[in-house]
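Since the structure comes first, as C-alpha cells, the remarks are kept for the end.
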Amino acid sequence: MADEQNNDLAKTVELGELPIVREGDVLTVPKKEKKRRRGLGWLIALGVVIVLGVVGWIVGDIVARDFAQNFVREKVTEVFNLEPGADMDVTIGPGSLLAQALTGSIDSVDVSVPDVSFGAISGDLDLALTGIPLDTALPVDTMRVALAVPEANLSALSSYLSGAELTDISLVEDRVAIATEFQVFGFAVPVGVELLPAVVNGEIAFDPSVITVNGADISVEALREGPFAGIARDLLGQRSFCVGEYLPAALTLTDVDVVSGSLVVKLSGDGAALGGAGLSEVGTCPAA
Numbered sequence: 002m003a004d005e006q007n008n009d010l011a012k013t014v015e016l017g018e019l020p021i022v023r024e025g026d027v028l029t030v031p032k033k034e035k036k037r038r039r040g041l042g043w044l045i046a047l048g049v050v051i052v053l054g055v056v057g058w059i060v061g062d063i064v065a066r067d068f069a070q071n072f073v074r075e076k077v078t079e080v081f082n083l084e085p086g087a088d089m090d091v092t093i094g095p096g097s098l099l100a101q102a103l104t105g106s107i108d109s110v111d112v113s114v115p116d117v118s119f120g121a122i123s124g125d126l127d128l129a130l131t132g133i134p135l136d137t138a139l140p141v142d143t144m145r146v147a148l149a150v151p152e153a154n155l156s157a158l159s160s161y162l163s164g165a166e167l168t169d170i171s172l173v174e175d176r177v178a179i180a181t182e183f184q185v186f187g188f189a190v191p192v193g194v195e196l197l198p199a200v201v202n203g204e205i206a207f208d209p210s211v212i213t214v215n216g217a218d219i220s221v222e223a224l225r226e227g228p229f230a231g232i233a234r235d236l237l238g239q240r241s242f243c244v245g246e247y248l249p250a251a252l253t254l255t256d257v258d259v260v261s262g263s264l265v266v267k268l269s270g271d272g273a274a275l276g277g278a279g280l281s282e283v284g285t286c287p288a289a
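Just remember that my numbering sits 1 ahead of the position in the sequence shown, which is counted from 1.
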C-alpha cells in the first residue's frame, strides 16, 4: 500500500513539472531546425566531377591509342613498301598513352607483320621501337627489326647457298644444311654441307663448316685439295646475299642466326627518325 502511494506521489511531482494546460489553450511543439546539407552537396558535386574526369581520361586514352596504332600501321606500310591493308599487329606499350604524350614521346611500340618479302627472302617481320618522339623529325631511341625466314622459304636462297644444284635445304641447330649429288665415274655421290650464316661486309654470308661426302665427314681443306677439287669449287665457294637494296637506308644488318627453325635476319635503325630520309629511301649494296 505504501509503495502505491509513493508511486502516485512521484507521478504527481513529475506532472507538477509540466506546464498547466487550461481549456481552450493550444499546444504547439517547436520544430527542430534542419541541419544544413550544403557541405554534403559540395562533396557530391566534387565526386561527380572526379568520376567524369576519370572516365574522360580513360576514353581519351583509348582514342589516343587507336590513333597511334593507325599512325604506326600507316608508317610501317610506307617504310617497308607493304600492300595497303596488309595484316599487321600493332601493340602500344603499357601505361597511359596520354601521360606519355605529355612528355613528348611514347615509351614503346611493337609491330608484327606476317609474310613479308624482301627480294629473295620472305618471312615474318617484327619491329620493336622505344622512345618514339611525337615529332617524327626527331630520332627514336632504339629500332630493332627481325625477319624470321622459315625453313620452307629457304629454297629461294638456293643460288646464294651454293653453285651446285641442291636437292635439299634444311636447318640444323645453328646452321643451314644443304644436300646435292655429284656424278663420279657414273655413280651418284651424295654430298652434304652445313653452312654457318654470318654478316660479312653488310651482307648475309654462308660459310661452309661441316662437309659429308658419301656419309663420311671431310674437312673443307681436304675437299678443296683432294681429287674432288672441281666439285669443291662450285660447292664451297662462299656466297652472300645483300638485303640492303630492299630495305630502308637507315637499317643496318647486325646479325643472322638460326632460331627456332627459322633463319632470323636482324637489323638496327637506332637513332632514325620516323619522318626522316633514312626510312623513306632504299639502301644500297656494297660494291662488288
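No residue lacks a Cβ here, since even glycine has one placed at the ideal position from N, Cα and C.
Please read all numbers here as calculations on a predicted model, not as lab measurements.
- The Cβ atoms of Gly270 and Met144 sit closer than 8 Å to each other.
- Counting every other CB atom within 10 Å of its CB across the protein chains shown gives Ser163 a total of 16 or more, marking it as buried.
- Pairing Leu98 with Ala165 gives a Cβ-Cβ distance that is not under 8 Å.
- Along the region 150-202, the beta strand (DSSP E) occurs as fully enclosed runs of 3 or more residues at 169-173, 176-185, 188-201, listed in sequence order.
- In this structure, Val146 sits away from Gly132, with a CB-CB distance that is not shorter than 8 Å.
- Put simply, the backbone Cα of Ala273 is about 24 Å away from that of Gly124.
- It is roughly 23 Å from the alpha-carbon of Asp127 to the alpha-carbon of Val201.
- In the DSSP assignment, Leu103 falls within the alpha helix (DSSP H) that extends over 98-103.
- According to the DSSP assignment, Gly124 belongs to the beta strand (DSSP E) that extends over 122-134.
- The beta carbons of Glu195 and Val214 sit no closer together than 8 Å.
- If you check the CB distance, Leu148 and Arg176 do not come in under 8 Å.
- One thing to note: Ile219 has its Cβ no nearer than 8 Å to the Cβ of Val244.
- Under the three-state reduction of DSSP, Glu282 is assigned to coil, being neither helix nor strand.
- When rounded, the separation of the alpha-carbon atoms in Glu75 and Glu222 is 51 Å.
- Per DSSP, Ala223 is one residue of the alpha helix (DSSP H) stretching across 221-226.
- By the C-beta density criterion, Val110 is buried, having at least 16 other C-beta atoms within 10 angstroms.
- Counting only residues of its own chain and dropping the five nearest sequence neighbours on each side, Val190 has a CB closer than 6 Å to the CB of Phe183, Asn215.
- In the DSSP assignment, Asp90 falls within the beta strand (DSSP E) that extends over 90-93.
- When the Cα atoms are used, Phe186 and Val192 turn out to be separated by approximately 15 Å.
- A Cβ-Cβ distance of about 6 Å is found for the pair Leu172 and Gly262, placing them in contact under the 8 Å criterion.
- Closest option to Ala250, judged by alpha-carbon separation, among Leu103, Val73, Phe81, Ala153: Phe81.
- The Cβ-Cβ distance between Ala102 and Leu135 falls below 8 Å.
- Rounded to whole angstroms, Leu167 and Ser159 show a C-alpha spacing of 7 Å.
- For the 8 Å CB-CB criterion, Val112 and Leu83 do not form a contact.
- For Val112, the enclosing beta strand (DSSP E) begins and ends at 106-119.
- By the neighbour-count definition (other C-beta atoms within 10 Å, threshold 16), Phe242 is a buried residue.
- In this structure, Ala157 sits near Ile122, with a CB-CB distance shorter than 8 Å.
- Measuring C-alpha to C-alpha distances from Leu275 to each of Arg225, Glu152, Leu130 identifies Leu130 as the nearest.
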